[in-house]
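What follows is one structure encoded as structure tokens, with my remarks underneath.
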Amino acid sequence: LNGHGVAKNPTMAYRWAKRATTDNDSLIDAMFHLSQSYMYDNVDDDGRSVEPAKDEPEALRLYHRILSRPWCDGCHNSTSACRDNCDSPAVKTTVGHTQYTLGKVYDSQWEDFAGVEKDDEAAFEWYTKSANSGHILGCEHLGDMFRLRAARESTERGYAERADQNRTEDDSAQALKWHLKAVELFEALEGKPIYRVDHAALLHKVANDYSCSRNNDDKAEEKSLKWYRRAAALGDQDAAEQVCKLEVAPQFFRGQGAFYAVGREMEARGLNWNTSRVPTDLKAEMSRALGDIRAGAEAGHFMALELLGDAYDHGIGVAKDTARAVECYTKAAARLNSAAMVKLAEIYAGDGLNGVDQDLEKAFKLYEEAAGYDAKGRVRLASCYQNGLGVAADVDRAIDLLEEGIRRGEPESFGDFGVMCANGCGRVPRDLERAREFCGKAVEMGFEGAEAPLAWIEAALLPSGSV
448 LNGHGVAKNP TMAYRWAKRA TTDNDSLIDA MFHLSQSYMY DNVDDDGRSV EPAKDEPEAL
508 RLYHRILSRP WCDGCHNSTS ACRDNCDSPA VKTTVGHTQY TLGKVYDSQW EDFAGVEKDD
568 EAAFEWYTKS ANSGHILGCE HLGDMFRLRA ARESTERGYA ERADQNRTED DSAQALKWHL
628 KAVELFEALE GKPIYRVDHA ALLHKVANDY SCSRNNDDKA EEKSLKWYRR AAALGDQDAA
688 EQVCKLEVAP QFFRGQGAFY AVGREMEARG LNWNTSRVPT DLKAEMSRAL GDIRAGAEAG
748 HFMALELLGD AYDHGIGVAK DTARAVECYT KAAARLNSAA MVKLAEIYAG DGLNGVDQDL
808 EKAFKLYEEA AGYDAKGRVR LASCYQNGLG VAADVDRAID LLEEGIRRGE PESFGDFGVM
868 CANGCGRVPR DLERAREFCG KAVEMGFEGA EAPLAWIEAA LLPSGSV
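The working numbering numbers the first residue of the sequence shown as 448 and each following residue consecutively.
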């Protein structure tokens, strides 16, 4: 089966396993290898189908058969067929792998396997049994399920209740526990695992778990950095990038704080820092701030890339350079920075006078990508649909997006919907009273862009002849 001492031959492995199980149905290794033989389409070196034919239901039946009877740890026979007092951990490994395989079946890692529908509870149960049997992959996948559940709860509930937060933190702790256990079991094998395990990926998962536990562990960042370094040493490029970010983060945040401090001082002097030059007495501080921010950007920190893009986009402390702003925003957007996506889209949606050619389709795609996470992205996407910018006009879709923003309590969506009500648009009839209500709400929430529309709406509502 594995090519140990002889040429690899899945057909011969199948025949011997079949013969062993046919004789007395009592040898666990034979039954397990037989079930594995039925899992896949078996082919020879030339790509031709060979015996046995794939039979998912039979594989599933054999897996359950393995787990339905007791086995002797020493001779691997069913206890009813064992005549010796044996003692060996090998059977536990086979049982654990079988439990892990059933977990994958119910986790839908093989789509529509033997007609089994996805069942998270059943997958969780089998992964738990596998992990408790000391199976590395069972531990890893159980940790993955706890991590996924913690992330889902955090997103859906938003920590609305303390009880929910406690549950999420418990799931995060369980994810860390089982990922650490998987690493421990793997490294105890001293590089000689009996099945394929991605060591670097395991280390990366532990690092992620520590990174997510910062609220409960004041040394979590230090620990996550340690594990990211270990994963990076094994060639994990994502981990290497995380190492850069964590090592440079303190420097970047220092620069970020100084950058905004200069901005606040300029505003206190009545200067608009997006359009005014940095005063002479603040240039040295701004230069140091930009140096720290640039170091973060060079290390790939998504926030540093966005902020450096802002500096080049508006000429804050540096010469205005839209091309370099585009470069920074593009790199930040590639790291899923939704605010950078919107800023980049606004450049492409411009008139091209900034040296970057207008590209409405590219702007639309960026707004579309950002809309799931960014309020401004959602409003800009609505505008694209309303006005047919980079996409076929679809007023109903524009209205849907603004209504979604209103449900989320986003001020700009209130303002833009108010303007829709003032003019009448698609299924939204012209209604100045309703327009005043929405624009007024937007202004109350701090959206200055709704002040001018609100003023002319209120003027339009004045009785005829009023001043």
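By construction, the Cβ of each residue, glycine as well, lies at the ideal position given by its N, Cα and C atoms. These figures come from a predicted structure and were not determined experimentally.
- Cβ atoms of A742 and Q698 come within 8 Å of each other, at about 6 Å.
- In the same chain as V765, and ignoring 5 residues on each side of it, the C-beta atoms closer than 8 Å to its own belong to L737, A758, Y759, in chain order.
- Straight-line measurement puts the Cα of R883 at about 6 Å from the Cα of L901.
- Rounded to whole angstroms, the gap between the alpha carbons of P726 and Y707 is 14 Å.
- For W573, the enclosing alpha helix (DSSP H) has its first and last residue at 567 to 579.
- Of the residues assessed, S515 falls on the exposed side of the cut-off, its CB having fewer than 16 other CB atoms within 10 angstroms.
- For W674, the enclosing alpha helix (DSSP H) stretches over residues 667 to 680.
- Within the same chain, Cβ atoms closer than 6 Å to the Cβ of L672 are found at L693, the five residues on either side in sequence being excluded.
- By the CB criterion at 8 Å, A780 and L813 fall inside the cutoff.
- Distances from the CA of N655 to each of Y485, Y675, A680, M733 were compared; the closest alpha carbon is that of Y675.
- With a contact defined as Cβ atoms closer than 8 Å, I794 and T777 miss out at about 10 Å.
- Under the criterion of beta carbons closer than 8 Å, S484 and P504 do not qualify as touching, at roughly 14 Å.
- Shown here, C659 sits in coil according to DSSP, grouped into three states, outside any helix or strand.
- Taking all protein chains shown into account, E815 has 16 or more neighbouring C-beta atoms within 10 Å of its C-beta and is therefore buried.
- Taking every protein chain shown into account, the CB of D554 has 16 or more other CB atoms within 10 angstroms, so this residue is buried.
- L729 is positioned such that its CB atom lies closer than 8 Å to that of E712.
- Here D566 has Y553 as same chain residues with Cβ atoms under 6 Å from its own Cβ, once five neighbours each way along the sequence are excluded.
- Residue environment: Q546 is assigned as buried (16 or more neighbouring CB atoms within 10 Å of its CB, all protein chains considered).
- Comparing C-alpha distances from H544 to each of V644, T458, D502, E564 shows the shortest one belongs to V644.
- Within the stretch 713 to 759, the complete alpha helix (DSSP H) runs of at least 4 residues fall at 730 to 745.
- Between L623 and V653, the C-beta gap is smaller than 8 Å, which places the two residues in contact.
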